[in-house]
Structures are given as structure tokens and as C-alpha cells.
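In the numbering used here, the protein residues as written are 105 to 420. Ideal placement from N, C-alpha and C gives every residue a C-beta, glycine not left out. All figures in this text were calculated on a predicted structure; none of them were measured in a lab. Each remark here refers to the structure printed beneath this line.
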Amino acid sequence: MAASSTEAPSAAEPKGSNHGLRIFLIWLPIAVVTDLLIWIVLGPHLPPGTLTEQAHSQQWDLLVLFVLAAPVMLFVLTFAAYALIVWRHREGDDEDGPPIHGHTGVQATWITGTAVIVLFLAAFGTYELAWPGMAGAGGGEGPSAIWTPKGGTPVQIQVIGQQWRFTYRYPQYGGFETTQLMMPVNQPVQFNVTSLDVIHSFWAYQLGVKADANPGVNNIAFVTAKHTGTFIVRCNELCGLWHGAMTNSGEVVSQSAFQAWATKTETQLASVTAVLPPYATVYDPTVVPQINKAMAKAGLAGGNGYYYPPNDPVQP
Ligand SMILES: [Cu+2]
105 MAASSTEAPS AAEPKGSNHG LRIFLIWLPI AVVTDLLIWI VLGPHLPPGT
155 LTEQAHSQQW DLLVLFVLAA PVMLFVLTFA AYALIVWRHR EGDDEDGPPI
205 HGHTGVQATW ITGTAVIVLF LAAFGTYELA WPGMAGAGGG EGPSAIWTPK
255 GGTPVQIQVI GQQWRFTYRY PQYGGFETTQ LMMPVNQPVQ FNVTSLDVIH
305 SFWAYQLGVK ADANPGVNNI AFVTAKHTGT FIVRCNELCG LWHGAMTNSG
355 EVVSQSAFQA WATKTETQLA SVTAVLPPYA TVYDPTVVPQ INKAMAKAGL
405 AGGNGYYYPP NDPVQP
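The structure is reproduced here in C-alpha cells:
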């Protein structure tokens, strides 16, 4: 339907002042329905799950970001669709549309909207990071943690990365070292993450923990498991040829099962623990070959470049 340029705007082309309201009224129900769907349907399935308080907190953070971002994206799409339909070029219509430059309403709305979102996210992010009990939300806090968890003395687990595996030492149980990662439920755990060679990263996905493992550095991360279950551990820092194979799994078990496992393993590995370097928050990487030699001498290791119990199938 060709409209001459001298005619009043047709029904499809309301006056300029109505466009904003129309776009808003089209956008609003779509945004509300989408946010409800995200909240109810997607929310419980967002990563990294709810195995720990930290993971649950991260899931909540992601949900908030989704709920905030979806309406913004939908507004852009709604605006684009509206523009394509309503402001498309029509035959005989050679006039340009009204300029948006200098439009006080649009500018004020834009600046206010974006400022509110960005400032809210800055405050929200800081609060979530520092929230008492969240203890830095599962990330490594460096050698002297700013936020420590409530709820009793943490179980200490040292995570040692080296090409290309993770091992775990339990200083409260004689400092034994194992490739098994076991932790108790409903009790704070303090991971002391370090490395013996290059940079690695301890990424225990379902725990919501991702902490750098650097040589000579003790990187502390706290976590409290909410229920029992298994989780995956991967190296998250490119660390050489077998980086992709640097993975194992861990388990959250009941406090009594953990206690039983830890005391049993302490006894089982006593002879190995005796030749390990004394437990420390960091180790001198150059000491590894010496320990290997000592272990080989004691008939404990196969001189395979690792000072852990041999026969681990992970090693290529
Ligand atoms: Cu690695």
C-alpha cells in the first residue's frame, strides 16, 4: 500500500512519540515470560550445581545474570524486529525518520538503564564474593585468605599439581599423600593448592572451586559440601603435553566414612609418608628427584619421575 508523503502517518506508522511505548509493550510480556522460564525451568539446571555452598552460590550468580541479561537481549531483538517491520522503506516515502540524536528521553533512559544495571552488578558481585561464609566464592584467595568459613575447624587438604597429575596430602592425618581426593560432607574444607613444577589450576567443577596451582605458592580455597556425591577434577591451565589427561575425580562422603578412610589410609601409607618431605605449604621443586631416589632406594617407587605411590594408571 503506497502512501504519498503528504498523507498523515498510516495506522502502521503511528506518530514518533508512540513508537517507544509500542516497543515497550511488545517487549514487556516477552521479557517477563522469558525471565519466569529462566527462573523456574533453567535455574535449577545451571552449572555448577549444588554439591557445595560455593557451587550453589555460583549457580545463583549465574541465574541473576541470566535474568538481567535476557531482557536486554530481548529488547535489542524486539527493537530490531519492530524497526524492520514498521520503519522499512515504503514506495514513495523518501523522507528520513526522526533523528534520535538530541532526544532527551532516549538518552536519559539509556544512561539510567545501563548505569543501574552496571552499578547493581558491581555491588552484587562484590557482595557475592565477600559474603560471609562464601569465603571468596570458591576461587583461590592466595596464601592468606581474606574470608574464612564459619562452622568449625576446616579439614585441610593440600592439592599438589605436577606434570601431569594431582595428588592430595592430609596434614591432619600424618601428612599422607594420595591420588584419591576424599572429603567430608557438611564440614568446611580448606584446599591448600600448590605445584611442584609449572603452573596448573585445580578445577573441581562440581565443588565450584577453581584455584591456580603455582610452584612456590600456597593458594587457599574454601569449600563446604552440602551433600555427598562425586565430582570431577581437571587441570585448567595449559601445563604441557599431557595437560588434557590431567584429570581425576573426588568424592564427598559422610563424616564418619571420611574419618575411617583417612585413618586407614594414614596407616596404609605410613612407610611412604616417612620418605616424603615433611608437610609444608609449598615445596622446593628441585627436591623431587632426590625424593624419587630415596623412594627407589626404599623400594617404594619405580623412579618414574613422581614421588607418589606407583601404579597409578593415569601416568602416560
Ligand atoms: Cu596441569
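{"query": "Close-in-space but distant-in-sequence residues of the same chain around T298 (CB under 8 Å, 5 per side omitted)", "result": "Q262, V263, I264, G265, A317, N318, P319, G320, V321, N322, N323, T385, V386, Y387"}
{"query": "M271 - DSSP class collapsed to helix/strand/coil", "result": "Checking the sequence, you will find Thr at residue 271 rather than Met. Here T271 sits in strand by DSSP."}
{"query": "Through-space distance from V171 to I221, alpha-carbon basis", "result": "12 Å"}
{"query": "Beta bridge counterpart(s) of H205 as assigned by DSSP", "result": "H205 is not bridged to any residue."}
{"query": "Buried versus exposed call for P382 [16 or more other C-beta atoms within 10 Å across all chains shown]", "result": "exposed"}
{"query": "Neighbour-count burial assignment, L129, 16 or more Cβ in a 10 Å radius", "result": "exposed"}
{"query": "Cutoff 7 Å; reference T332; Cβ partners in own chain excluding five residues on either side", "result": "V289, V356, V357, S358"}
{"query": "Unbroken beta strand (DSSP E) run spanning A349, endpoints", "result": "No beta strand (DSSP E) holds A349; DSSP gives it neither H nor E."}
{"query": "Pair within 8 Å by beta-carbon distance, G243 and K314", "result": "yes"}
{"query": "Inter-stretch contact (C-beta, 8 Å, three-pair minimum) for the segment 268 to 284 and the segment 340 to 353", "result": "yes"}
{"query": "The segment 157 to 165 touching the segment 359 to 369, judged by at least three CB pairs closer than 8 Å", "result": "no"}
{"query": "Proximal residues to Q260 (C-beta, below 6 Å), its chain only, five neighbours per side dropped", "result": "P275, Q276, Q294"}
{"query": "C-alpha gap between D301 and W346, whole angstroms", "result": "14 Å"}
{"query": "Residues of its chain near V137, where Cβ-Cβ distance is below 6 Å and the 5 sequence neighbours each way are ignored", "result": "none"}
{"query": "Extent of the continuous alpha helix (DSSP H) to which E370 belongs", "result": "359 to 372"}
{"query": "Candidates L188, L169, Y231: closest to D139 by CA position", "result": "L169"}
{"query": "Straight-line gap, Y231 to G217 (C-alpha atoms, nearest Å)", "result": "21 Å"}
{"query": "Assumed close pair L311, Q211 - CB separation to whole angstroms, cut-off 8 Å", "result": "That belief does not hold up - the Cβ atoms of L311 and Q211 are roughly 46 Å apart, past 8 Å."}
{"query": "Three-state secondary structure assigned by DSSP to K401", "result": "helix"}
{"query": "G265 CB to nearest heavy atom of ligand 1 below 7 Å", "result": "yes"}
{"query": "CA-to-CA distance, E281 to E370, given in whole angstroms", "result": "9 Å"}
{"query": "Enclosing alpha helix (DSSP H) for S161 [first to last residue]", "result": "157 to 190"}
{"query": "I142 beta carbon less than 8 Å from that of A174", "result": "yes"}
{"query": "Option in P389, G354, T208 with minimal Cα separation from M286", "result": "G354"}
{"query": "T283 versus F335 - alpha carbon distance", "result": "14 Å"}
{"query": "Counted within 10 angstroms of its Cβ, other Cβ atoms place R92 as buried (16 or more) or exposed", "result": "Lying outside 105 to 420, the shown extent of the chain, residue 92 is not represented and no answer is given."}
{"query": "CB contact check: Y309 to chain E, cutoff 8 Å", "result": "The structure shown contains no chain E, having only a single protein chain."}
{"query": "Backbone CA spacing between Y410 and P292 [nearest angstrom]", "result": "Caution is warranted here: a pLDDT of 48 is assigned to Y410, below 50, making its placement in the model unreliable, and the coordinate value is therefore given only provisionally. In a straight line, the C-alpha of Y410 is about 30 Å away from that of P292."}
{"query": "Straight-line Cα distance separating P151 from N340", "result": "17 Å"}
{"query": "heavy atom of ligand 1 below 7 Å from M350 C-beta", "result": "yes"}
{"query": "Of the residues G124, S375, L178, I250, the one placed nearest P202, counting alpha carbons only", "result": "G124"}
{"query": "Near ligand 1: E281 beta-carbon under 7 Å from a heavy atom", "result": "no"}
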